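Here is the structure we will look at, set down as structure tokens.
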Amino acid sequence: MALVEIRGLTKQFRKGDEVITPLDSVDLDIEQGDFVTLMGASGSGKSTLLNAVAGIDRPTSGAINVQGTDITKLSRGKLADWRAANIGYIFQMHNLVPVLTAYENIELPLLLLPMSSAERHKRVQIALEAVSLLDRAHHYPRQLSGGQEQRVGIARSIVANPTIIVGDEPTGDLDGTTTEQILDLVQRLNSELGMTMLLVTHDAKVGALAPRQLRLERGKLIEKGREVSVVSPTMHEQRA
Amino acid sequence: MFKFAPYVLKGLWRYRGRTILTVSGSAVALFVFCFVGAVQGGLERLTQDKQSERTLVVFQENRFCPQSSKLPEDYARTVSKLPGVKNVVPIKVFTNNCRASLDVIVFQGMPADQLRSVRELTLLSGGWADFDGRTDAALVGQSVAARRNLKVGQKFTIGEVTVNVVGTFRSSVPSEDNFIYTHLDFLQRSQGKNSVGTVTQLEVLLDDSASPDNVSSRIDEAFHSGPVATTTRSKGIFQRDTLSDLAELIGFAHYLGYACVGLVLALVSTTTVMAVQDRVKEHAVLQTLGVRPFRVFRLVIVESIIQSIIGGTVGIGLALLLLGLGGFSVGAEGVTIAFTPSVELAVTGAVVSLIVGVLAGIIPGWQAAQANIVTALRQA
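The listed protein sequences correspond, in order, to chains S and P. Just add 24 to the spot in the first sequence (first one is 1) and you have the working numbering. Just add 1 to the spot in the second sequence (first one is 1) and you have the working numbering.
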């Protein structure tokens, strides 16, 4: 059984009289330790798919099973609890809380989990060390560079040891050198710590770094030039 | 929830200009609320006090100002023989102003032994021996003493009445802190007049079995055909009738208190709405990290409560301090209403601040909690 099983995922919304379908019955399996990049043109639905997997957007239909839990059926409160325990989210614009220090920003997800302050402190230190920012722990976001802010964002995403890390254009707001540093960090998190990654990018160079590269075209998910299909014959019959 | 305290407090500090203005507005409103409450409380204490129900005041019929009520002093003997009457105190009242005023000075002259037995006074300075030893001795209530800066040993003159301050006191009845007690015969001989044998009013203390209405009727019947007809009422009703014009004004001031509460509600609510609108994306990030919508709602409510409570505490504290130190009162026709601080007032103010904080945070909190995460994250 895959870590993440997406079956028949469809997302539709109205724009005036037009019905737009960014995700059209998408199927996908992501295994434990996979590093997957998702590319596509602007408006192709890649962020929509990512947000659905991250549990911050609801699909119109279909199922997303993560370790046996269909997250599309969870209530808002339960889904929030699930995100706290299972999702590490890396934003394009870092989205750090400006009034909190780097340390406090990284600690935020841990405040939602049953954990002693000593354990929180230990985990934040490890996360800071992983992103080489121990010396910037008590700096506020305004006192950090763009690259440092993104590293704090990455530390925040890994600190709770989530099931899967999702990133929405995590290098989209960075210059070339900083982008390379961040991608190196992301690759090490996958290869050395075995973290499961799903990154959305429009940059082909970034996309090429991942062992698994997916593309969204007209609502369909393409891998190695063919539509991804993981549905068993039995399920096809059920759907029919 | 306390884990998020740094986030909430730093968030308030981030917009400190706005926060300080809101807290200040809240403080001013609660200050006025407490002042209005103190005036109301003073009036209620005066008219609803239990002791006031068991004490009657005999006044000359159709007279209101103490200066115009003249009862024969020996009426006291007749009244004391009526069933249900425990004690009768003849009192001469002199006041510097019969109209409504914020600085009314009320002299009450009564026999020294009865003063000690019927009034619950705690001497703050001076002594009873000095009072007994001088005919022009005066015991000054703490509010008058504070207002006029009177101390033991000083001579004090008002309206041709000159007294020697031999002590200051605190009364169990706050309005009496605005009185000056003298010997009865001294006040009867003051202002160059000799009105010995005449008093302004009789204060009649009833025993537990007596009906105030029955005794009042009997007193008025007894003097109906006498040289001076009387009107007898319970002390509470007497005071309420005397202060009826002021009571109407004070009743109207009640609405000022409600207006203050409304003002704080609008102020804190507006600030909280603005704070939430400025942080739509931040709240969406928190929810993405796994903060439940209801926790976001509570975070907003807590911010709102903190502003309201801090402002309220400052306003209540200043109001109580000023009320305690100022010895304020308003009076008319020899009856005064004392504006005094009280624990009840402080608790009421604190509860009002808390409720306002909660109410002001509900709508912005709900907006923050119900915002669509993806849409909010797209905001610049």
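Note that beta-carbon positions come from the ideal geometry of N, C-alpha and C, so glycine has one too. Bear in mind the structure is a predicted one, so any value in this text is a computation, not a measurement.
Item to complete: Find the nearest neighbour of E161 of chain P within the set P:T272, P:F108, P:A370, P:A276, judged by alpha-carbon distance.
Response: Walking along the second sequence from the start, residue 161 of chain P turns up at place 160. That would be P:F108, whose Cα lies nearest to the Cα of E161 of chain P.
Fill in: Buried versus exposed call for E261 of chain S [16 or more other C-beta atoms within 10 Å across all chains shown]
In the first sequence, the residue the question calls residue 261 of chain S occupies position 237. Interpretation of E261 of chain S is limited by its pLDDT of 43, a score under 50 that renders its predicted location unreliable; the figure taken from the coordinates is listed afterwards. Exposed, since its Cβ has fewer than 16 Cβ neighbours within 10 Å.
Discussion item. Within the continuous alpha helix (DSSP H) that includes L238 of chain S, where are the two ends?
Written reply: Your numbering for residue 238 of chain S matches position 214 in the first sequence. From DSSP, L238 of chain S is part of no alpha helix (DSSP H) but of the beta strand (DSSP E) over 236-241.
Fill in: beta strand (DSSP E) segments (min. 3 residues) lying fully within the region 141-227 of chain S
188-192, 220-224
Worksheet entry | Buried versus exposed, by CB contacts within 10 Å (16 or more), E304 of chain P | What you label residue 304 of chain P is simply residue 303 of the second sequence in a count that begins at 1. It counts as buried.
Worksheet item: For E204 of chain S, which residues in chain P fall below 8 Å Cβ to Cβ?
Response: By 1-based counting over the first sequence, the position of residue 204 of chain S is 180. Ordered by position in chain P, no residue passes the 8 Å Cβ test against E204 of chain S, which lies about 26 Å from the chain.
Practice prompt. For R263 of chain S, count neighbouring C-beta atoms within 10 Å of its own C-beta (all shown protein chains included) and say buried if the count is 16 or more, exposed if not.
Written response: What you label residue 263 of chain S is simply residue 239 of the first sequence in a count that begins at 1. Its pLDDT being 41, under 50, R263 of chain S is placed unreliably by the model, and the measurement read from it follows with that caveat. When all chains shown are included, R263 of chain S counts as exposed.
Worksheet item: Can you name the residues of chain S whose CB is closer than 8 Å to the CB of P7 of chain P?
Response: Here the question's residue 7 of chain P lines up with position 6 in the second sequence. What P7 of chain P touches in chain S: L124, E128.
Fill in: Short CB-CB distance (under 8 Å) between A161 of chain S and chain B
The question asks about chain B, but that chain is absent: this structure's protein chains are S and P.
Discussion item. By alpha-carbon positions, which one of P:A347, P:G168, P:T136 ends up nearest to N150 of chain P?
Written reply: Taking the second sequence and counting its residues from 1, the one referred to as residue 150 of chain P is at position 149. Out of P:A347, P:G168, P:T136, P:G168 has the C-alpha closest to the C-alpha of N150 of chain P.
Discussion item. Using only the alpha-carbon positions, how far apart do D279 of chain P and A142 of chain S sit?
Written reply: The residue given as residue 279 of chain P occupies position 278 in the second sequence. The residue given as residue 142 of chain S occupies position 118 in the first sequence. D279 of chain P and A142 of chain S: Cα-Cα distance of roughly 33 Å.
Worksheet item: Okay, do the region 255-269 of chain P and the region 22-39 of chain P touch, 3+ Cβ pairs below 8 Å being the bar?
Response: yes
Practice prompt. Report yes or no: is there a C-beta of chain S within less than 8 Å of the C-beta of G12 of chain P?
Written response: Mapped onto the second sequence, residue 12 of chain P falls at position 11. Closer than 8 Å to some Cβ of chain S, the Cβ of G12 of chain P qualifies, so yes.
Practice prompt. Determine, using beta carbons only, whether D186 of chain P and N165 of chain P come nearer to each other than 8 Å.
Written response: Within the second sequence, residue 186 of chain P is the residue found at index 185, counting from 1. Within the second sequence, residue 165 of chain P is the residue found at index 164, counting from 1. The answer is no: Cβ separation not under 8 Å.
Worksheet entry | Spatial neighbours of Q189 of chain P in its chain, beta-carbon cut-off 6 Å, leaving aside the 5 residues before and after | In the second sequence, residue 189 of chain P corresponds to position 188, counting from 1. K93, S196, V197.
Worksheet item: Looking at C-beta atoms only, is the number of pairs between the region 110-127 of chain S and the region 168-179 of chain S that lie closer than 8 Å three or more?
Response: yes
Worksheet item: DSSP state of V166 of chain P, grouped into three classes?
Response: By 1-based counting over the second sequence, the position of residue 166 of chain P is 165. Strand, per DSSP.
Worksheet item: Quick one: what does DSSP say M20 of chain S is sitting in, helix, strand or coil?
Response: Within the shown structure, residues of chain S are numbered from 25 to 264, placing residue 20 of chain S beyond reach of any answer.
Practice prompt. Would you please verify whether the beta carbon of T289 of chain P is less than 8 Å from any beta carbon of chain S?
Written response: Your numbering for residue 289 of chain P matches position 288 in the second sequence. Yes, because at least one Cβ of chain S sits closer than 8 Å to the Cβ of T289 of chain P.
Worksheet item: Out of P:A28, P:R46, P:Y16, P:T56, which has the shortest C-alpha to C-alpha gap to D208 of chain P?
Response: Here residue 208 of chain P refers to the residue found at position 207 when the second sequence is read from its first residue. When each option's Cα is compared against that of D208 of chain P, the closest is P:T56.
Practice prompt. Give a yes or no on whether 8 Å exceeds the smallest Cβ distance from F34 of chain P to chain S.
Written response: The residue given as residue 34 of chain P occupies position 33 in the second sequence. For F34 of chain P, the answer is no, since every Cβ of chain S falls outside 8 Å of its Cβ.
Discussion item. Let me check understanding here. Comparing Cα to Cα, which of S:T125, S:L134, S:Q36 lies closest to P186 of chain S?
Written reply: Working through the first sequence from its first residue, we reach residue 186 of chain S at position 162. P186 of chain S has its Cα closest to that of S:L134, out of S:T125, S:L134, S:Q36.
Item to complete: Apply the 10 Å Cβ neighbour rule to I44 of chain S and answer buried if 16 or more other Cβ atoms are within range, or exposed otherwise.
Response: Position 20 of the first sequence holds residue 44 of chain S. Exposed, because fewer than 16 other Cβ atoms sit within 10 Å of the Cβ of I44 of chain S.
Discussion item. Among S:E247, S:V190, S:A87, whose alpha-carbon lies nearest the alpha-carbon of R239 of chain S?
Written reply: One-based indexing of the first sequence puts residue 239 of chain S at position 215. Taking only the C-alpha atoms, the option nearest R239 of chain S is S:E247.
Item to complete: Mind checking who V286 of chain P pairs with in its DSSP beta bridge?
Response: The residue given as residue 286 of chain P occupies position 285 in the second sequence. Paired residue(s): none; V286 of chain P is not in a bridge.
Worksheet item: DSSP state of D279 of chain P, grouped into three classes?
Response: As a working note, residue 279 of chain P is residue 278 in the second sequence. DSSP places D279 of chain P in helix when its eight states are reduced to three.
Item to complete: Could you tell me which residues DSSP puts in a beta bridge with K93 of chain P?
Response: Stepping through the second sequence from its first residue, residue 93 of chain P is reached at position 92. According to DSSP, K93 of chain P bridges with P:G110.
Worksheet item: Taking DSSP as the reference, what is the three-state secondary structure of R299 of chain P?
Response: Taking the second sequence and counting its residues from 1, the one referred to as residue 299 of chain P is at position 298. R299 of chain P: helix per DSSP, three-state reduction.
Worksheet item: Under 8 Å between C-beta atoms, does N185 of chain S make it to chain P?
Response: Working through the first sequence from its first residue, we reach residue 185 of chain S at position 161. Answer no: the Cβ-Cβ gap between N185 of chain S and chain P never drops below 8 Å.
Practice prompt. Whole angstroms is fine: what's the gap from I88 of chain S's alpha carbon to I111 of chain S's?
Written response: Mapped onto the first sequence, residue 88 of chain S falls at position 64. Mapped onto the first sequence, residue 111 of chain S falls at position 87. Cα to Cα, the separation comes out at about 14 Å.
Worksheet item: G237 of chain P to L257 of chain P, Cα distance in whole Å?
Response: Counted from its first residue, the second sequence places residue 237 of chain P at position 236. Counted from its first residue, the second sequence places residue 257 of chain P at position 256. Whole-angstrom Cα-Cα distance: 25 Å.
Worksheet item: Under 8 Å, do H184 of chain P and Q41 of chain P count as touching if we go by C-beta distance?
Response: Within the second sequence, residue 184 of chain P is the residue found at index 183, counting from 1. Within the second sequence, residue 41 of chain P is the residue found at index 40, counting from 1. Cβ distance not < 8 Å, so H184 of chain P and Q41 of chain P don't count as in contact.
Practice prompt. Put D53 of chain S into one of helix, strand or coil per three-state DSSP.
Written response: If you number the first sequence from 1, residue 53 of chain S lands on position 29. Looking at D53 of chain S - three-state DSSP - the assignment turns out to be strand.
Practice prompt. Out of S:I189, S:L27, S:G40, point me to the one whose CA is closest to N75 of chain S's CA.
Written response: Along the first sequence, one-based indexing puts residue 75 of chain S at 51. Nearest option by C-alpha distance: S:I189.
Worksheet entry | Simplified DSSP assignment, three categories, for L125 of chain P | Counting from one through the second sequence, the residue named residue 125 of chain P turns up at place 124. In the structure shown, L125 of chain P sits in a strand (DSSP, three-state: E or B).
Discussion item. For a cutoff of 8 Å on Cβ pairs, would you count P294 of chain P as touching chain S?
Written reply: For the purposes of this step, residue 294 of chain P is taken as residue 293 along the second sequence, with counting starting at 1. Chain S, which has a Cβ nearer than 8 Å to the Cβ of P294 of chain P, makes this yes.
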